[in-house]
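In what follows, a single structure is set out as structure tokens and then discussed.
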Amino acid sequence: MMSIKEADLMKDPACSTGLSNYLLKDHPDESKWADCVHCGMCLESCPTYEITGMEQHSPRGRVHLIKSVAEGKLTVNEQFMDPVFACLDCRACTTACPADVEVGGLIEEARGQIRQAMPLTGLKGAVSKVFLQGLFPHQNRLNGLGSLLKFYQKSGMQKVVRKTKLINIMPQHLVDMEAIMPEVKEPVRKKYKDVNVIKAKGESKREVSFLTGCVMDVMFSDINEATINVLTRNGNDVTIPKNQTCCGALHVHAGDRETGRKLAKQNIEAFMDSDKIIVNAAGCGCALKEYPELFREDPEWHEKAEEFAAKIEDISKHLYDTGYDIPKAELKTRITYHDACHLAHGQGIRQEPRDLLINIPGVEMVQMPNSDRCCGSAGIYNITNPEMASAVLDNKMQNVPEDVEMISMGNPGCMLQMAMGVQKNGRNQKIVHTVQLLDWAYQKEDGKGER
Amino acid sequence: MAVKGIKSNDRHILNLANIVGDARSIIYHKEDLIAYDCDGFTLHKHLPKAVVFPKNTEEVAALVKYCAEHQLPFLARGAGTGLSGGAIPLNGEVIISLMRMKKLLSVDFENRRAVVQPGFVNLKLTNSISDKGYYYAPDPSSQYCCTIGGNVAENAGGAHCLKYGVTTNHILGLEVVLPNGDIVEIGANGIPDEPGYDLLGLLTGSEGTLGIVTKITVRILKNPEAKKTVLAYFDNVEDGSQAVSDIISAGIVPAALEMMDKTAIEGVEAAAFPVGHPKDIEAVLLIEVDGIADGLDEQINQILGVCRKRNVREVRAAKDEAERGRWWANRKTGFGAMGAISPDYLVQDGVIPRSRLPEVLSRINKISEESGLRIANIFHAGDGNLHPLVLFDARIPGQSEKALEAGSACLQVCADVGGTITGEHGVGIEKREEMRFVFTDEEIIAQTDIRSVFNPDNLLNAGKLFPMPGRCVEIKKEIKERSS
């Protein structure tokens, strides 16, 4: 855990008033809140405001609070921390905001100040440490654990997880996935360890690099395999640069910007030779695109981060933009689509994945009302703020149509959370990643899918 | 009996918490309260004593009764999007937030009415009944988030109020908690024009000074059979505003007739919902007609004929509902969009006779030049309801004051040409003093006398709607002395 060093203390105040109570570097950016005119158009977009009806738990309220610290009206303390950390960082407010106020960035910067000034203690501290420092940055440890399930047991988090019933659903969830997907046993980074380039099937049109993600590759390696399949099927040679690591999204969300920067630097270097980097996890994609935010005070790395961010592309958008084979086999299923926050609000990707899905013969898409409303997963929010996360999930589940077989989406965190929602509400929908359905259709077309 | 989780020694906080029943229904720490120190009007900021979140009418009544008994100033707040400061706790009020009373209670399609709680969001009503072909007509630009309770308090208007009327024309009944805690129903049967005084009319637009509305019966309308929407671009403001005046005097009543000037266009195009308005035009009109499908083309042609006479440069018709939606999003987020070109803004709300539009706009332009502050105009041109947006930077010493002066000067112009100082945003704190532009002291006293009937101790939302008492009280005293 970090401590406040003399060197970290700011020479310049965080705000032109000179009264700022942000005393550390990398403070919330005045130019971000200067755009907010307090109109309130963000209010209804915010899941935590919807649930509490309290304005300190609304985007406008949070921006007002963050600004108030800079104006010297408040200090960085427990009471300030509560609304700032209760934010899901879902970015729905940035979609709603007429003035493009970057609330997400402000929240993350404020969390950075809080975490530096007030390191976490107790259970929350332990959870955060195990997840953020002990696990995600270390691919070998993740692999060693083999699955998140085992990790839960070993890290002593089992109780927490039992409470949320995750254990009850995980095996079933994986069984369900296995029933429809080719079996994959090992992470793709392990599987393709000795392969420099996974060649396109047929004519090679371009080369792309693949960021496998940390959790994704261990828990959902079948989705990574599906991603590689749809890429190579559509003329992409795929490389998996070896030194890549966790994207750092969860660290940045939790206010640990220093670790976030460390991971960012490693990824920027790992992908130095890539022209395009494909991501299949919305949360990672959004965080990678926002690397420049982490280096606002470091011009050299800022420039590198800008170059890096320009190369990031979500798998659905990549396929949509570069063209892909529309599968010929028929899937005959009714599905609905959930917009992952960091895809829809974070990256503005809404139509592309829907197009991929409805172009699969036999797939019938039922519109989910408020499909871009957060499911409550929000990184490790469902573990740090279980009560709020559960209330957000309940609201989400009310919008999931009854008469569909599957709920498709583009983010692993959402997949776990929605699986929990399905379980909790006694529903029976299967949770799938967009590329899984596409890959499944290809497999069926090639005669491999029928088992 | 103390409520668990309350960390306060203040007996009022403890007692208020008792009424709402749990620690999650009251806030009283400074860090939480600061989000309530202003509403959509940001030039006055005051911390409330506490914010309480009642779940039902009985809790509201109990809270009000407590405040009245202990002489604690209090006020009601919905989404806090008001633009004149009506929900700002000037006197350190206890804020009664109605955001946990946000249900649609019933819809009666046969008699075309719906009953909502005050915290129910305006647009949600239309969204809840649109599949049956109905909608709620008053559509303030903040309808995505503002509450119907707040709309009643401010008698909110909106783009389509030109043809369909403002909130007061759509209110059929109210349940109100009076400032002494009594619960009364007005227009209980939802029948318009009940005999006796028009109390619904008095309460609607009373800016939260006469009572707290806890249940609202509103009129709902059948969707028009068809709509047509066009944009008309003008090379000068004069032509654009003359066209507005001509359209109305030709006897056409569009559903909406909106105007934005060059600075406003710069703002909305720089913000989150740009639609590609040409950069070099001086004014754009957003015109919508609705009704029976058959007559609409003729109406549009008539309107375009008027525009051509006024040298319109280009006219675009919305291709489909999606494009129409984008145009309206661009217009309706216009105020917030000013954030993209200015750190702060102050919006005014004057009303003028339409025929005076060109003259008034040029006088506003002059105010802008003299104050050195940019003024954007986004407004309901059709009903002469102007919204000059004074752009400023509160961080620069003196600019806030200058902005207030410029805003006030705009209202003086409106009053001078026979108009008034507010069309739909209310007086609040912002336009208290400007009430003198349109009312004599005696007329103001007559109104505060009405307030005293409902709100004798002036504990409910004091300091709003009327000029600060100083002078008034003296005059009142003098009048009393003279008459006795």
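Same order as they appear, the protein sequences are chains H and A.
Heads up: take any position in the first sequence, counting from 1, add 5, and you land on the numbering used here.
Heads up: take any position in the second sequence, counting from 1, add 3, and you land on the numbering used here.
The beta carbon of each residue, even a glycine, is placed where N, CA and C say it ideally should be.
Collapsed DSSP secondary structure at residue i in the structure displayed
i, result
"Glu188(A)", "strand"
"Phe469(H)", "The first residue shown for chain H is 6 and the last is 456, placing residue 469(H) beyond what the model contains."
"Leu107(A)", "strand"
"Ile172(H)", "With a pLDDT of 38 at Ile172(H), under the threshold of 50, the modelled position of this residue cannot be trusted, and the question is left open."
"Ser371(A)", "helix"
"Ala235(A)", "strand"
"Leu24(H)", "coil"
"Thr99(H)", "helix"
"Glu291(A)", "strand"
"Asn388(A)", "strand"
"Leu175(A)", "strand"
"Ala273(A)", "helix"
"Ile448(A)", "helix"
"Thr2(H)", "This structure gives no information on residue 2(H), because the portion of chain H shown stretches from 6 to 456."
"Phe395(A)", "strand"
"Ile424(A)", "coil"
"Ser28(A)", "helix"
"Gln177(H)", "Unreliable placement is indicated for Gln177(H), whose pLDDT of 40 sits below 50; no coordinate value is reported for it."
"Thr264(H)", "helix"
"Ser131(A)", "helix"
Spatial neighbours of residue i in its chain, beta-carbon cut-off 6 Å, leaving aside the 5 residues before and after
i, result
"Ala274(A)", "Ala340, Ala343"
"Ser36(H)", "none"
"Ala409(A)", "Ile370, Ser374, Leu376, Val393"
"Met86(H)", "Ile119"
"Thr336(A)", "Phe276"
"Asn239(A)", "Glu285"
"Thr244(H)", "Val202, Ser214"
"Ala321(A)", "Thr232, Arg327"
"Lys265(A)", "Glu285"
"Val257(H)", "Glu113, Gly265"
"Gly161(A)", "Pro141, Asp142, Pro143"
"Gly426(H)", "Leu398, Met402"
Cβ distance (whole Å) where residue i is taken to contact residue j below 8 Å
i, j, result
"Val405(H)", "Gln434(H)", "7 Å"
"Pro103(H)", "Cys44(H)", "7 Å"
"Leu348(H)", "Ala287(H)", "4 Å"
"Ala267(A)", "Asn158(A)", "That pair is no contact at about 24 Å."
"Val97(A)", "Cys70(A)", "6 Å"
"Gly43(A)", "Gly85(A)", "5 Å"
"Ser87(A)", "Gly401(A)", "So it is not a contact: roughly 23 Å between Cβ atoms."
Given residue i as reference, the closest of the options once Cα atoms are compared
i, options, result
"Ala259(A)", "Ile219(A), Cys164(A), Val221(A)", "Cys164(A)"
"Leu75(A)", "Val54(A), Ser28(A), Val179(A)", "Val54(A)"
"Ala191(A)", "Glu178(A), Gly426(A), Leu289(A)", "Glu178(A)"
"Lys333(H)", "Leu361(H), Leu24(H), Trp306(H)", "Leu361(H)"
"Val371(H)", "Ile203(H), Leu443(H), Gly253(H), Met411(H)", "Met411(H)"
"Gln351(A)", "Val315(A), Arg366(A), Pro391(A)", "Pro391(A)"
"Phe123(A)", "Glu433(A), Asn12(A), Ile151(A), Phe382(A)", "Ile151(A)"
"Thr217(A)", "Ser100(A), Val315(A), Leu234(A), Gly243(A)", "Ser100(A)"
"Ala156(A)", "Gln302(A), Ile219(A), Ser252(A), Glu372(A)", "Ile219(A)"
"Arg359(A)", "Asp347(A), Arg334(A), Thr423(A)", "Thr423(A)"
"Ser28(A)", "Lys58(A), Asp40(A), Leu107(A)", "Lys58(A)"
"Arg359(H)", "Thr99(H), Tyr342(H), Thr327(H)", "Tyr342(H)"
"Cys413(A)", "Ser403(A), Gly429(A), His428(A), Glu437(A)", "Glu437(A)"
Neighbourhood of residue i by C-beta distance below 7 Å, restricted to the same chain and skipping five residues each side
i, result
"Ala406(A)", "Leu349, Leu376, Val393, Phe395"
"Ile9(A)", "Ile16, Leu17, Ala20, Ala26"
"Glu114(H)", "Asp31, His32, Pro33, Asp34"
"Glu272(A)", "His280"
"Lys48(A)", "Asp40, Cys41"
Chain-order list of residues whose beta-carbon lies under 8 Å from that of residue i (same chain, five-residue window excluded)
i, result
"Asn248(H)", "Gln271, Glu274, Ala275"
"Gln305(A)", "Ala253, Ile255"
Scan the stretch 186–258 of chain H and note each continuous beta strand (DSSP E) run of 3 residues or more that stays entirely inside, going in chain order.
For the stretch 186–258 of chain H, whole beta strand (DSSP E) runs of length 3 or above, ordered along the chain, are 211–216, 241–244.
Complete beta strand (DSSP E) runs within the stretch 287–323 of chain H (minimum length 3 residues, chain order)
For the stretch 287–323 of chain H, whole beta strand (DSSP E) runs of length 3 or above, ordered along the chain, are 317–319.
Enumerate, from N- to C-terminal direction, the unbroken beta strand (DSSP E) stretches of 3 or more residues contained entirely within the stretch 328–362 of chain H.
The qualifying runs are 338–342.
Considering only residues of the stretch 59–92 of chain H, which uninterrupted alpha helix (DSSP H) runs meet the minimum length of 4 residues and lie entirely inside it, listed in chain order?
If we require 4 residues or more, the alpha helix (DSSP H) runs fully inside the stretch 59–92 of chain H come out as 64–75, 83–91.
Threshold first: 4 residues or longer. Then list the alpha helix (DSSP H) segments lying entirely within the stretch 327–362 of chain A, N to C.
The stretch 327–362 of chain A contains these whole alpha helix (DSSP H) runs: 337–340.
Mind listing, in chain order, the continuous beta strand (DSSP E) runs of no fewer than 3 residues lying wholly within the stretch 356–444 of chain H?
Complete beta strand (DSSP E) runs here, min 3: 368–371, 411–414, 435–438.
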